[in-house]
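**Q**
Number of protein chains: 2
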Amino acid sequence: MKKLRRNGRRSAVREPLSRVRVLRAAIEIADREGIDAVTMRRLGEELGVEAMSLYHHVRSKDEIAAGIVDLLISEIPAAERGGDWRAAIRGRALAAREHLRKHPWVFRLITGTQGLSPALLRHYDSVIGDMLRGGLSHQLTHTAMHVLSSRTLGFTEDLFLGNDRGPEVVKAAFAEINSGKYPAIAESIKDIHHDDDVEFVYGLDLILDGFERARHGPQPRSKKSEIDPRHLAKAHLER
Amino acid sequence: MKKLRRNGRRSAVREPLSRVRVLRAAIEIADREGIDAVTMRRLGEELGVEAMSLYHHVRSKDEIAAGIVDLLISEIPAAERGGDWRAAIRGRALAAREHLRKHPWVFRLITGTQGLSPALLRHYDSVIGDMLRGGLSHQLTHTAMHVLSSRTLGFTEDLFLGNDRGPEVVKAAFAEINSGKYPAIAESIKDIHHDDDVEFVYGLDLILDGFERARHGPQPRSKKSEIDPRHLAKAHLER
DNA sequence: CTCACTGGTTTACACTGTAAGCCTGTGGGG
DNA sequence: CCCCACAGGCTTACAGTGTAAACCAGTGAG
Numbered sequence: 532m533k534k535l536r537r538n539g540r541r542s543a544v545r546e547p548l549s550r551v552r553v554l555r556a557a558i559e560i561a562d563r564e565g566i567d568a569v570t571m572r573r574l575g576e577e578l579g580v581e582a583m584s585l586y587h588h589v590r591s592k593d594e595i596a597a598g599i600v601d602l603l604i605s606e607i608p609a610a611e612r613g614g615d616w617r618a619a620i621r622g623r624a625l626a627a628r629e630h631l632r633k634h635p636w637v638f639r640l641i642t643g644t645q646g647l648s649p650a651l652l653r654h655y656d657s658v659i660g661d662m663l664r665g666g667l668s669h670q671l672t673h674t675a676m677h678v679l680s681s682r683t684l685g686f687t688e689d690l691f692l693g694n695d696r697g698p699e700v701v702k703a704a705f706a707e708i709n710s711g712k713y714p715a716i717a718e719s720i721k722d723i724h725h726d727d728d729v730e731f732v733y734g735l736d737l738i739l740d741g742f743e744r745a746r747h748g749p750q751p752r753s754k755k756s757e758i759d760p761r762h763l764a765k766a767h768l769e770r
Numbered sequence: 532m533k534k535l536r537r538n539g540r541r542s543a544v545r546e547p548l549s550r551v552r553v554l555r556a557a558i559e560i561a562d563r564e565g566i567d568a569v570t571m572r573r574l575g576e577e578l579g580v581e582a583m584s585l586y587h588h589v590r591s592k593d594e595i596a597a598g599i600v601d602l603l604i605s606e607i608p609a610a611e612r613g614g615d616w617r618a619a620i621r622g623r624a625l626a627a628r629e630h631l632r633k634h635p636w637v638f639r640l641i642t643g644t645q646g647l648s649p650a651l652l653r654h655y656d657s658v659i660g661d662m663l664r665g666g667l668s669h670q671l672t673h674t675a676m677h678v679l680s681s682r683t684l685g686f687t688e689d690l691f692l693g694n695d696r697g698p699e700v701v702k703a704a705f706a707e708i709n710s711g712k713y714p715a716i717a718e719s720i721k722d723i724h725h726d727d728d729v730e731f732v733y734g735l736d737l738i739l740d741g742f743e744r745a746r747h748g749p750q751p752r753s754k755k756s757e758i759d760p761r762h763l764a765k766a767h768l769e770r
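Residue numbers (the working numbering), protein chains in the order written: chain P, 532 to 770; chain S, 532 to 770.
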């Protein structure tokens, strides 16, 4: 890179295209006009460039989708540490929610994208790290991730056993996880007896029991004031 | 209908096209070749007919998507009644899961479809009915639906305050709900103080507290044997 | 000076959903 | 019984999609 602008003569013509510039432009269009408005030609137009030029920076449109997802997730601000494991995860979940809420179309993108995002894995890795540090067993951590999946990022995904995606994707996922980049995930996966059905029912019962308990005694409704106001956007629906 | 085949002379040529036949064919293709393989021309081919003929039975491709979603959800077998509210909901959730598992691509369809499916509303109506019968307050029911949404059907959706879809969709949704067709939903919505953020955090904390509790004491793991085997398909991933 | 390469363009293609109009067999009304 | 409206098929056509392939201008290295 340094080598590129060695002589300091910045070509004043226009900002050169780049992968992230493409992604940024795509995000902008999606925010303004909806995700369906993001086409290669429209994207080119936005960047003052012909559609085909994009392919010098991006392999395909699918890669753009994946890139957007990864970029946005990677920009979830890190919640501050401190407190017990629950507070830590709570902070992460709220930060993610707040951040991604600005781009509601991204959930549709995530469920549509196949192949897993490094940023997403890092996010999970952090959450799992919190749990392990908090003393949850591997098994319990595993289950908790299942139950929480929709809460920590806003969408449900049987990440590792992608129903839809083929088995080769699952294999690749395992390889990636065991690459050393995601120590908490890898750690938590050891010696796990995984059964999708059991996980599901466990989480279901946990929730149901929680409400049954709440039904008697003082219903422990969260007060708005208890939520860290930094994470709260104004409710976007009045009624 | 009777009028149509009045003289009993069934035209032996071929089964006449119809809306549900189109939907059924689409489901079949999606199951075999993935949802992306479902194009109008492919669909026509499957039915031995030209693509444009489909438009005599279906308004658009989006309507096909919506139709499929509705059809599949409507075919979730009703779990038998009896037991407390938790058992009832448990049964419904497992039945839905088991049924929709056969068509994993449907979740992508659901999140992509806008406008709400009557069958989906009926499903929610049943679940909410279970809760009210079980003695949960309106407020608690409301919150419980939020927390459970991903569990009772397998996907997360802020149904009523669709982030992505416009506000006119939300308005239509309210109108539909108050049409009298979904008494439990309408009932449970009365006098509700809804705040998306509060709902979210409440559910989050409920889950976290559940696991904190599970961390000490005997971890109440569900045994596979406890699950009604009728609802269990063999795990579809060995590892 | 030249030569390879980077990063833009142009053209072209296969494939999508669907609008518009045509054609024909059939069932109901005169 | 005949006619005719029409349901339900077909044909053609079009605008818009992603992207392969070839082309071309500028530029930095040898």
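Ideal Cβ placement from N, Cα and C applies to all residues, glycine included.
Here the structure is a predicted model, which is why all the values come from computation and not from measurement.
Would you decide whether residue 593(P) is buried or exposed? Buried here means 16 or more other CB atoms lie within 10 Å of its CB.
**A** By the 10 Å Cβ count, residue 593(P) comes out exposed.
**Q** Relative to the alpha-carbon of residue 673(P), which residue among 604(P), 653(P), 716(P) and 573(P) has its alpha-carbon at the smallest distance?
**A** Checking every option, the nearest Cα to that of residue 673(P) belongs to 716(P).
**Q** Cα separation between residue 692(S) and residue 733(P)?
**A** Residue confidence for residue 692(S) is low, a pLDDT of 33 falling below 50, so the modelled location carries little weight; the figure read from the coordinates is stated next. Going by the C-alpha atoms only, they are around 28 angstroms apart.
**Q** Might you give, ordered along the chain, the residues of its own chain that have their beta carbon closer than 7 angstroms to the beta carbon of residue 664(S), omitting 5 neighbours on each side?
**A** Here the set comprises 616.
**Q** Using a Cβ distance threshold of 8 angstroms, determine whether the stretch 618-626 of chain P contacts the stretch 572-588 of chain P, with at least three qualifying pairs required.
**A** The stretch 618-626 of chain P vs the stretch 572-588 of chain P: no contact.
**Q** Cβ atoms of residue 550(P) and residue 578(P): under 8 angstroms apart, would you say?
**A** Cβ atoms of residue 578(P) and residue 550(P): not closer than 8 angstroms.
**Q** Tell me which same chain residues have a C-beta within less than 7 angstroms of the C-beta of residue 566(P), skipping the five on either side of it?
**A** Hits under 7 angstroms: 636, 639 and 640.
**Q** If you compare alpha carbons, which of 583(P), 562(P) and 649(P) is closest to residue 706(P)?
**A** It is 649(P).
**Q** So, helix, strand or coil for residue 611(S), using DSSP?
**A** Residue 611(S) falls in the coil class under three-state DSSP.
**Q** Relative to the C-alpha of residue 669(P), which residue among 718(P), 739(P), 546(P) and 547(P) is closest?
**A** Of the candidates 718(P), 739(P), 546(P) and 547(P), the one whose C-alpha sits nearest the C-alpha of residue 669(P) is 718(P).
**Q** Does DSSP classify residue 702(S) as helix, strand or coil?
**A** Helix, per DSSP.
**Q** Of the choices 713(S), 666(S), 679(S) and 642(S), whose alpha-carbon is the least far from that of residue 657(S)?
**A** For the residues 713(S), 666(S), 679(S) and 642(S), the minimum Cα distance to residue 657(S) belongs to 713(S).
**Q** For my contact list, residue 613(P) and residue 746(S) are in at a C-beta cut-off of 8 angstroms; report their separation, rounded to the angstrom.
**A** No, residue 613(P) and residue 746(S) are not in contact; Cβ-Cβ is about 20 angstroms, not under 8 angstroms.
**Q** Hey, quick one: how far does the alpha helix (DSSP H) through residue 592(S) stretch, first residue to last?
**A** 592-605 is the extent of the alpha helix (DSSP H) around residue 592(S).
**Q** How close, in whole Å, do the beta carbons of residue 568(S) and residue 560(S) come, if the pair is a contact with beta carbons under 8 angstroms?
**A** About 6 angstroms separates the two Cβ atoms, so the contact holds.
**Q** Suppose the cutoff is 6 angstroms on Cβ atoms and the five residues either side in sequence are ignored; what does the same chain contact list for residue 644(P) look like?
**A** Closer than 6 angstroms at the Cβ level, and outside the excluded window around residue 644(P), lie 596, 597 and 600.
**Q** Taking its Cβ as the centre, do 16 or more other Cβ atoms sit within 10 Å of residue 642(S), making it buried, or is it exposed?
**A** The residue is buried, with at least 16 neighbouring Cβ atoms inside 10 Å.
**Q** Is the CB-CB distance between residue 554(S) and residue 585(S) below 8 angstroms?
**A** Result no, Cβ atoms of residue 554(S) and residue 585(S) do not sit closer than 8 angstroms.
**Q** For residue 745(S), which residues in chain P fall below 8 angstroms Cβ to Cβ?
**A** Here the neighbours are 671 and 737.
**Q** Compare the C-alpha of residue 675(S) against each of 570(S), 609(S) and 737(S) and name the closest.
**A** Selected option, being the one with the closest Cα: 737(S).
**Q** Would you mind stating whether residue 742(P) and residue 671(S) have Cβ atoms separated by less than 8 angstroms?
**A** Yes, Cβ-Cβ distance for residue 742(P) and residue 671(S) is below 8 angstroms.
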